[in-house]
Structures are given as C-alpha cells and as structure tokens.
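Notes to accompany the following structure.
Numbering (the UniProt record's numbering), first residue to last: 1 to 109.
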C-alpha cells in the first residue's frame with residue numbers, strides 16, 4: 001500500500017490537528033466561509049506554482065507513493081489535498097494557541 005503514503009501523511013496531519021476543534025472549541029470549521037476565503041487564494045497560488053514547476057521539469061511526484069489520480073498538467077490529487085490539509089492544520093494550531101493564550105492572559109489578571 002505504498003501508493004497511499006502521501007494520503008497517510010495527510011491523515012496524520014489531520015489527526016494531530018482536528019481534535020483542537022471540539023476539545024478547545026477553536027471554531028475554525030464552524031466558520032467555514034471564512035476558512036474557504038482563506039484557503040482559496042493559498043490553494044490557487046500553490047497549484048499554479050506546482051503546475052509551472054511540473055511543466056518546467058523541476059518538480060515530480062513518485063507515482064508509487066501517490067494514489068495515481070492525476071489532474072491535467074500532472075498534479076496528483078494527493079498534492080492538491082496537501083494544499084488544503086496543511087493550511088487547515090496550521091489555522092487550527094494557530095487558533096488553538098491564540099485561544100489558550102487569551103485564557104491564560106485573562107487568568108493572570
């Protein structure tokens with residue numbers, strides 16, 4: 001099952017971050033419009049970047065470690081999911097730190 005390696009890494013990232021939503025109630029996923037507005041430009045820039053790098057021969061993907069689902073231009077589904085999953089995990093982490101930090105600040109007064 002090495003073709004699922006990339007997806008397994010993404011699943012691990014999600015597992016490490018998604019628990020922050022219900023446990024710390026960071027509210028990232030509840031504000032899905034705001035999340036979408038944040039993700040769209042990031043995903044767009046990195047998809048274009050990758051497509052240009054693939055076309056120029058500077059960037060490749062190991063087909064043995066990806067699902068094999070490839071979009072026009074040579075971009076694997078796994079890479080597109082990376083551009084969605086990693087920012088979501090980063091935002092969840094950022095909001096968790098912000099929430100815990102604000103709770104500690106209020107408690108220090």
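For each residue, glycine too, the CB sits at the ideal point set by N, CA and C. Note that the structure is predicted; figures quoted are calculated from it, not measured.
Going by beta carbon distance, what residues of the same chain come within less than 6 angstroms of residue i, once the five residues before and after it are set aside?
i	result
residue 96	20, 24, 26
residue 70	76
Whose CA, out of the options, lies closest to the CA of residue i?
i	options	result
residue 77	31, 47, 91, 98	47
Whose C-beta lies closer than 7 angstroms to the C-beta of residue i among residues of the same chain, with five residues either side of it excluded?
i	result
residue 79	50, 61
residue 7	67, 78
So, are the CB atoms of residue i and residue j less than 9 angstroms apart?
i	j	result
residue 117	residue 39	Because the chain is modelled from 1 through 109, residue 117 falls outside the range shown and cannot be assessed.
residue 81	residue 17	no
residue 66	residue 5	yes
residue 68	residue 54	no
residue 35	residue 45	no
residue 87	residue 42	yes
Can you list, in chain order, the residues of its chain whose CB lies under 8 angstroms from that of residue i, leaving out five sequence neighbours each side?
i	result
residue 64	2, 3
residue 75	47, 50, 51, 54
residue 14	85, 88, 89
Item to check | Whole beta strand (DSSP E) elements within the UniProt domain "Lycopene cyclase" (5-95), 3-residue minimum | outcome: none
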